[in-house]
Ligand code: FAD
Ligand code: NAD
């Protein structure tokens, strides 16, 4: 007879594995179906994020920043370094070690919490049955009182640049995380988050990076004042970002890849050693549900869910990249916790208005809440406070004084509506604003909070003070 679980989670990425662990912590008998095979040929948990996403990309961003800093960031401190040598194999080996440590860590957490890992492809059948096809082809079926689908996302392909990670000439993010040598020239289609992060890695390691972005607006989701500043700073670092440039064809040549593209000045061709395609990701719903399950998808192919992540089928939930909302690991994880807690009769909750975004470039970009352009469009009255890192002692000491903090508060209630940062450790600083927004704090609450000196956080304090024209370390206008 088929085994019955309280909960079966399909997908063991940051949405699915967190949901499974939280369900088990809350006393539910839980299994997680996961099919990932890692670079060593072994089954692995952790999904895109741990295997080929957040973790390997941040590892290479750190390594490449160390290298670049040694080469170019120390002269101004009066430190002259010679004989710096790049060992790319070792750098890649370190990345792989970190990925293995963390993915093995999830499997240890499963054991410790009593989550059963069912290795293979999971498919939802009718009546909350789940079919598991193991890697050896054997098929099993289990029953579940509740099913949580967390099958993630995959890169969008475009016909003009077909990806082949094995061949390694035209690649997606997975291929660009594993080049065996530094390409002399790297073309990047799409100047979004992945393009900028992986473009930065290879730019720092010595590649000439040329980015083809189809739309005229840079980082359309970000606050446009911050995006304009970012564009200037990335150009200075050597990223050649071409806006309004649409790639029409690619051709493999003995010299690499010939990229044909169109912009406002006409048709052009550039040959690059390697080409990264990073034009977005789409929900991964391949063979996730049998037709008789009658799972409902929305018009863009995401699994349709309500505010509590319940699908059209009672007792079946979906979370993470496979449902609406930003494709971010922490968003999926929090949805997993919310669903688990609701299943246990608690009050799971996720504030979609306070999800932080971070782009791990140098300078980093981070934001939470509304952009200035969104407030204008929505007709919400607001006040702006800004503070430049050039007036922050700690940032000066770090030789990282480019960028600013920008806070947006409601003109009448003073509630913090958004915070946008470009500058050092923006990824860490943003959390102060996230917390403030969770507690519906006002800019005055932040302004009246003591911030240690000298820290980067003082820029957050001064931006909050500046909302009402009270900044101390800049001239208020
Ligand atoms: P996934 O992580 O994609 O996991 C889904 C899992 O389901 C996979 O393991 C897959 O094998 C499994 N699966 C799919 N179908 C089945 C099936 N039928 N049966 C069994 N198993 C199945 N986000 C951030 O927040 N911060 C970052 O810094 C960041 N960096 C990124 C860098 C890169 C290069 C990329 C590509 C993404 C990055 N992301 C980042 C996005 C982040 O990786 C995703 O938002 C996150 O992984 C989504 O989690 P998930 O659990 O929904 O899906
Ligand atoms: P993206 O949506 O961030 O950027 C894609 C870019 O490609 C856009 O600027 C878009 O205008 C452009 N584009 C689309 N079609 C094009 C075409 N045919 N030619 C040229 N440009 C084109 O997508 P991504 O960079 O692929 O990343 C996917 C998602 O992964 C992100 O949206 C994010 O949710 C997640 N991610 C997050 C992080 C992070 O949190 N730091 C890092 C990497 C990825």
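Numbering (the working numbering), first residue to last: -8 to 468. Glycine included, C-beta positions come from ideal geometry on N, C-alpha and C. Small disclaimer: the values here were computed from a predicted structure and weren't measured.
query	result
Straight-line Cα distance separating residue 401 from residue 374	6 Å
Sufficient close CB pairs (3 or more, under 8 Å) joining the stretch 165 to 181 to the stretch 264 to 273	yes
Distance cut-off 8 Å: residue 112 Cβ against heavy atoms of the ligand FAD	yes
Residues that residue 364 bridges to, as DSSP identifies them	Answer is none; residue 364 lacks a bridge partner.
The ligand FAD heavy atom lying under 8 Å from the CB of residue 442	no
Separation of residue 248 from residue 242, as counted between CA atoms	6 Å
Backbone CA spacing between residue 209 and residue 180 [nearest angstrom]	13 Å
DSSP-derived helix/strand/coil call for residue 16	helix
Exposed unless 16 or more other CB atoms sit within 10 angstroms - verdict on residue 245	exposed
Any non-hydrogen atom of the ligand NAD within 8 Å of residue 419 CB	no
Counted within 10 angstroms of its Cβ, other Cβ atoms place residue 466 as buried (16 or more) or exposed	exposed
Candidates 163, 82, 135: closest to residue 145 by CA position	163
Inter-residue Cα distance where the pair is residue 186 and residue -6	45 Å
Runs of beta strand (DSSP E) lying entirely within the stretch 110 to 159, each at least 3 residues, in chain order	112 to 115, 120 to 124, 130 to 140, 144 to 146
Cβ-Cβ separation, residue 121 to residue 135 (assumed contact under 8 Å), whole Å	6 Å
Proximity below 9 Å, CB of residue 22 to CB of residue 109	yes
Buried or exposed (CB count within 10 angstroms, at least 16 for buried), residue 69	exposed
The ligand FAD heavy atom lying under 8 Å from the CB of residue 27	yes
Near the ligand NAP: residue 202 beta-carbon under 8 Å from a heavy atom	With respect to the ligand NAP, the structure offers nothing, as its ligand set consists of the ligand FAD and the ligand NAD.
First through last residue of the alpha helix (DSSP H) which encompasses residue 418	417 to 429
C-beta contact flag for residue 269 and residue 351 at 9 Å	no
Separation of residue 341 from residue 325, as counted between CA atoms	7 Å
Coarse secondary structure for residue 390, derived from DSSP in three states	coil
Range of the contiguous alpha helix (DSSP H) that encloses residue 46	45 to 63
Per DSSP, cross-strand counterpart(s) of residue 240	251
Classification of residue 81 by the beta-carbon crowding that lies within 10 angstroms, buried from 16 upward	exposed
Residue from 323, 429, 345 with nearest C-alpha to residue 3	323
Buried or exposed (CB count within 10 angstroms, at least 16 for buried), residue 428	buried
For residue 101, three-class secondary structure by DSSP	helix
Proximal residues to residue 303 (C-beta, below 7 Å), its chain only, five neighbours per side dropped	286, 287, 295
Any non-hydrogen atom of the ligand NAD closer than 8 Å to residue 483 Cβ	The structure shown has nothing for residue 483, since the chain only spans -8 to 468.
6 Å Cβ shell around residue 334 - same chain, five flanking residues per side excluded	137
From 420, 377, 229, 89, residue whose alpha carbon lies closest to that of residue 462	377
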